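Participant: Numbered as in my numbering, the sequence shown ends at 1166 without a single skipped number. Note that beta-carbon positions come from the ideal geometry of N, C-alpha and C, so glycine has one too. Quantities reported herein were computed from a predicted structural model and do not represent experimental measurements.
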Amino acid sequence: MPKISLLKIVESTTVDGPGIRTSIYCAGCVNGCKGCHNPQSWAIENGIRTDIDDIVKAIRNDESHGVTFSGGDPMLQASAFTELARRIHNELHLNIWCYTGYTFEEILNDEAKKALMAEVDVIVDGRFVIELKNEDLLFRGSSNQRILDAKKSLKLGKPVEFNYNPFPEFELLSDHHA
Ligand code: SF4
């Protein structure tokens, strides 16, 4: 079974997607974004090669509402993360967000990356562009990055924004009065 070069697991975090999440930070990134928040994550050797079993156990123990893959860039270890994503869905039934410096269009041209995208629920795509940095953006660093519904985007072959509503009770109210 493939291992993941892991930097750290952050339990019960609220910054990497909606709700309380377990974030899996991997090592390895070749995107070289200027102003990267975590350049020590670039070298894949900086991570600890970790069994997928151990990562699944840590997620199970955290009892969070979802899981986020971040880094580094999870797409650089696409096949191991695909296996991890399958296990999270099949065994833990949690939603998965995946951050990547690759764009959706670049992912479409790479079978391994596309396979990982097919196993997750949401992709936050694109490199961090410091000139487009905006601290008011929810769950992303620069305005070029998109929060995409992974399955719908793959099915239609074009980027489909993930419809995230942080206040679902208001949607219910407006539906009710419509
Ligand atoms: S993709 Fe992320 S980790 Fe990689 S260089 Fe860009 S900001 Fe840094």
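Could you check if G1169 is buried or exposed, using at least 16 other CB atoms within 10 Å of its CB as the buried criterion?
Facilitator: Outside the shown range of the chain (989 to 1166) lies residue 1169, about which nothing can therefore be said.
Participant: Identify whether V1055 lies in helix, strand or coil by the three-state DSSP scheme.
Facilitator: V1055 falls in the strand class under three-state DSSP.
Participant: What is the residue span of the alpha helix (DSSP H) that D1042 lies within?
Facilitator: Looking at the DSSP string, the run of the alpha helix (DSSP H) that includes D1042 is I1040 to D1050.
Participant: Tell me whether N1019 counts as near ligand 1, meaning its Cβ is closer than 6 Å to at least one heavy atom of that ligand.
Facilitator: Within the cutoff, so yes.
Participant: Taking 7 Å as the threshold (C-beta atoms), are C1017 and G1054 in contact?
Facilitator: Taking 7 Å as the Cβ cut-off, G1054 and C1017 do not qualify as a contacting pair.
Participant: By the DSSP assignment, the beta strand (DSSP E) with K996 in it spans what residues?
Facilitator: It spans K991 to T1001 - the beta strand (DSSP E) in which K996 sits, taken as one unbroken run.
Participant: By a C-beta neighbour count over all protein chains shown, 10 Å radius and 16 as the cutoff for buried, is I1043 buried or exposed?
Facilitator: Buried, by the Cβ-count rule.
Participant: Distance check for Y1013 and K991, CA to CA, integer angstroms please.
Facilitator: Taking the straight line joining both Cα atoms gives about 14 Å.
Participant: Is the distance from the Cβ of T1010 to the Cβ of I1036 below 7 Å?
Facilitator: Taking 7 Å as the Cβ cut-off, T1010 and I1036 do not qualify as a contacting pair.
Participant: Is T1070 helix, strand or coil by DSSP?
Facilitator: DSSP places T1070 in helix when its eight states are reduced to three.
Participant: For the alpha helix (DSSP H) containing S1141, name the first residue and the last one.
Facilitator: Looking at the DSSP string, the run of the alpha helix (DSSP H) that includes S1141 is A1138 to L1144.
Participant: Do the region 1100 to 1116 and the region 1018 to 1028 make contact, defined as three or more Cβ pairs closer than 8 Å?
Facilitator: Output reads yes: the region 1018 to 1028 touches the region 1100 to 1116.
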